[in-house]
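One structure below.
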Amino acid sequence: MRKIGDQIGSFLFVLPALAFFVTFSIYPLFKTFQLSFFQWDGMTKNMTFVGFQNYINAFRDFIWLKSLKNGVYLAILALIIMNSIAFILAVLVNLRIRCSKFYRVVFYIPPILSGIVVGFIWKWIYDPNYGILNGILDILHLSQFKRAWLSDIHTALISVSIASMWQGVGGSFILFLAGLQGIPEELYEASIVDGASFWQQFFYITIPLMSRTLMIVSILTILGAMQLLTIVIPLTNGGPGFETEVPALRIYKEAFSNYRFGYATALSVLLGIMLFIISIIQIKLRRTD
Amino acid sequence: MKVKLNRIFIHLFLISYAITCLFPLVWMISTSLKTTSEVYLNRNLIPKSLNFENYIKAWTEGNFSIYFTNSIIYTISIVVGIVIVSTLAAYAFAKLNFPFKNIIYYAFLMMMLIPIPGAFVPLYVLLVKLGIQNTRIGYILPMINSGLSVSIFILKEFFEQIPKELEESAVIDGCNKFQLYYKIMFPLALPAISTIVIFNALSAWNEYILAAVNFTDPNKMPVQQGLFIFQGQYFTRYELLMAATTIITLPIIILYLSMQRYIVKSISGAVKG
Chain A
0 MRKIGDQIGS FLFVLPALAF FVTFSIYPLF KTFQLSFFQW DGMTKNMTFV
50 GFQNYINAFR DFIWLKSLKN GVYLAILALI IMNSIAFILA VLVNLRIRCS
100 KFYRVVFYIP PILSGIVVGF IWKWIYDPNY GILNGILDIL HLSQFKRAWL
150 SDIHTALISV SIASMWQGVG GSFILFLAGL QGIPEELYEA SIVDGASFWQ
200 QFFYITIPLM SRTLMIVSIL TILGAMQLLT IVIPLTNGGP GFETEVPALR
250 IYKEAFSNYR FGYATALSVL LGIMLFIISI IQIKLRRTD
Chain B
0 MKVKLNRIFI HLFLISYAIT CLFPLVWMIS TSLKTTSEVY LNRNLIPKSL
50 NFENYIKAWT EGNFSIYFTN SIIYTISIVV GIVIVSTLAA YAFAKLNFPF
100 KNIIYYAFLM MMLIPIPGAF VPLYVLLVKL GIQNTRIGYI LPMINSGLSV
150 SIFILKEFFE QIPKELEESA VIDGCNKFQL YYKIMFPLAL PAISTIVIFN
200 ALSAWNEYIL AAVNFTDPNK MPVQQGLFIF QGQYFTRYEL LMAATTIITL
250 PIIILYLSMQ RYIVKSISGA VKG
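Right, here's the structure in full:
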């Protein structure tokens, strides 16, 4: 009896966390699945069961497919450009140079800012009439390249991507740096004895030993890019047209602008499944430690 | 690594990237210090004279005194809530025994690793159902939840490293489980708790989506939502907007610079986790 009372006492410690978790994580998760089979405006009591109709509609929804395509585009750019910059910065900062602490601190400033603030700052940089980007092009006598960056369909998405990569480099950088610092120094010392060059060290020690970190950072980058939302709202809010529409913004608008809660949750489930598959790889990687 | 690469070129590269990081912020501050006419006539980085009027206007006309107070209330409530709930749970997961302990812990862990996109839609439905949509508590409670799993994860790892002998001697001295928690475990965990405080304070201060879903009453909105009042349909008052973004960004940059040791260390730990 005493043991049972003891265990109940112990259980009370996790009870608050569990109550939060069930109410604000588990319930919404089930609610998402449930609502995705209904047609509902989010307010009235009229809920119509429509089976898989919301899902079927999603595959024919030009705007949704466009937003997914944009999400993939943002993810690919971030994987290639953002993570390359972050990796190079991390390798250089790890070279035992002077002021390495200064660089570490500065490179991680953009990630601590809010997406809304970063979005507004870059919107102002891109401003067609008074923005500094067009101003710099004027100074450099490159006026022919001036444009309305965010409202021109040819540059809107890449401009959003650049702003979000500017914010994201620091996060990948810190993770790469942590991975590099985990490589035992003796390996490099031994390779020097064997007469290895910088590039040989890089390709035969650094890259192989960083493969797991590279994978984890890549997955986090994909997850982040596919769920990009706040930075887009002040920048373009998905425009012009649907050029910079992203999946999470689509879900937001379907629910709170179009009042199609059933459809919005069906889109959540679809995006969730895609991200879940990617996350599984991440979880497997973390286990094999 | 002893490399004979030219160190000057390395520094040039790193400094130019550091400038890339800082330039948008410098441009933000520069704009906030210009007069309205100067903003639209002069693209110089350095304003003609330091003009703090935009700050006063953003603070008073832009209602930033209200948004700022709200954000402070939310950030403190959310962080305090997370610290209490997550230390209690992490202590139990690390040191106590009860049925289904591991299953519950892995459920928390899964929530940390698996993203649920668009969770704000069912959360809105829930808040309406509970009758707390457009209330402060309706914002604070789900925000506490959103910080829990990562915090519990970090704290549990920390508690597990605390030697058993400490607990045993405290039990001999007559401590019960709860006294053990708040007299011994909580004070010992302060380094880990400060990491949790910083991270959750940053994410609470920067949060936008849940606020947008929850609040319709401008008097309850946090700073991130407040920024949108400077954005007119046809015209944006950038000098006021940049003053407002400076006001809300400076506190977190100061917090970051004073606490960056904890921040960098704990992210580094996360990748190995």
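Going down the list, the protein sequences come from chains A and B. If you count the first sequence from 1, position 88 lands on 87 in numbering that gives the first Met the number 0, and the numbers rise without skipping. If you count the second sequence from 1, position 33 lands on 32 in numbering that gives the first Met the number 0, and the numbers rise without skipping. The C-beta atom is built at its ideal place from N, Cα and C for all residues, glycine as well.
Check                                                                                                                                                                   : Outcome
Please state the DSSP three-state secondary structure of A/Q200.                                                                                                        : helix
Kindly indicate which three-state DSSP category A/F36 falls into: helix, strand or coil?                                                                                : coil
Would you kindly check if the distance between the Cβ of B/P190 and the Cβ of A/L274 is under 8 Å?                                                                      : no
Apart from the five residues on each side of it in sequence, which residues of its chain come closer than 8 Å, Cβ to Cβ, to A/L228?                                     : G114, V245, A247, L248 and Y251
Kindly say whether A/S217, judged by its beta-carbon, lies nearer than 8 Å to any beta-carbon of chain B.                                                               : no
DSSP beta-bridge partners for B/Q230?                                                                                                                                   : B/T235
Reducing DSSP to helix, strand and coil, say where B/F107 ends up.                                                                                                      : helix
Report the neighbours of A/K30 on chain B: residues whose CB is nearer than 8 Å to its CB, in chain order.                                                              : P121, V124 and L125
Identify each residue in the stretch 68-93 of chain B for which the Cβ-Cβ distance to at least one residue of chain A is less than 8 Å, and report them in chain order. : I83, V84, S85, L87, A88, Y90, A91 and F92
Between which two residues does the alpha helix (DSSP H) containing A/R211 stretch?                                                                                     : S210 to M225
In whole angstroms, what separates the C-alpha of A/P233 from that of A/F119?                                                                                           : 6 Å
Can you pull the DSSP bridge partners for A/F48?                                                                                                                        : A/F37
So A/A189 contacts chain B; which residues on that side make the cut at Cβ distance below 9 Å?                                                                          : Ordered by position in chain B, no residue passes the 9 Å Cβ test against A/A189, which lies about 12 Å from the chain.
Which of the three DSSP states, helix, strand or coil, is assigned to A/S267?                                                                                           : helix
Which residue comes first and which comes last in the alpha helix (DSSP H) that contains B/C20?                                                                         : R6 to S31
Report the three-state DSSP secondary structure of B/K155 (helix, strand or coil).                                                                                      : helix
Counting only beta-carbon separations shorter than 8 Å, does A/S210 have a partner in chain B?                                                                          : no
Between which two residues does the alpha helix (DSSP H) harbouring A/I87 extend?                                                                                       : N82 to V92
Can you tell me whether A/Q180 is buried or exposed, with buried defined as 16 or more other CB within 10 angstroms of its CB?                                          : exposed
Does the Cβ of B/L129 have 16 or more other Cβ atoms within 10 Å, making it buried, or fewer, making it exposed?                                                        : exposed
Run the CB neighbour count on B/V270, radius 10 Å, all protein chains shown included, and call it buried at 16 or more, exposed below.                                  : Here B/V270 scores only 47 on pLDDT, less than 50, and its place in the model should not be relied on; the value that follows carries that caveat. Result: buried.
Along chain B, in chain order, which residues have C-beta atoms closer than 7 Å to that of A/W123?                                                                      : T30, Y237 and M241
Since A/T229 meets chain B, which of its residues come closer than 7 Å, beta carbon to beta carbon?                                                                     : Y207 and I208
Within a Cβ cutoff of 6 Å, which residues of the same chain sit near A/I75, ignoring the five residues on either side of it in sequence?                                : none
Which bits of chain B does A/M134 rub up against, with CB to CB less than 7 Å?                                                                                          : A small fix is needed here, since residue 134 of chain A is Gly in this sequence, not Met. Going along chain B in sequence order, the residues near A/G134 (Cβ under 7 Å) are R42.
I'd like to know whether the C-beta of B/I143 is nearer than 8 Å to at least one C-beta of chain A.                                                                     : yes
Which stretch, first to last residue, makes up the alpha helix (DSSP H) that contains B/Q224?                                                                           : V222 to G225
So A/V168 and A/A57 are supposed to be a Cβ contact under 8 Å. How far apart are they, rounded?                                                                         : At roughly 33 Å, the Cβ-Cβ gap does not stay under 8 Å, so A/V168 and A/A57 are not in contact.
Nearest CA to the CA of B/A106: which residue from A/W198, A/D5, A/Q200 and A/A16?                                                                                      : A/A16
When you compare the CB of B/K176 with every CB in chain E, is at least one pair closer than 8 Å?                                                                       : Note that chain E does not occur in the displayed structure, where the protein chains are A and B.
When you compare only the Cα positions, how much space is there between B/F22 and B/I102?                                                                               : 48 Å
Are the beta-carbon atoms of A/L174 and A/V92 separated by less than 8 Å?                                                                                               : no
Taking only three categories from DSSP, how would you classify A/Y258?                                                                                                  : coil
Which chain B residues sit within Cβ distance under 8 Å of A/G8?                                                                                                        : K176
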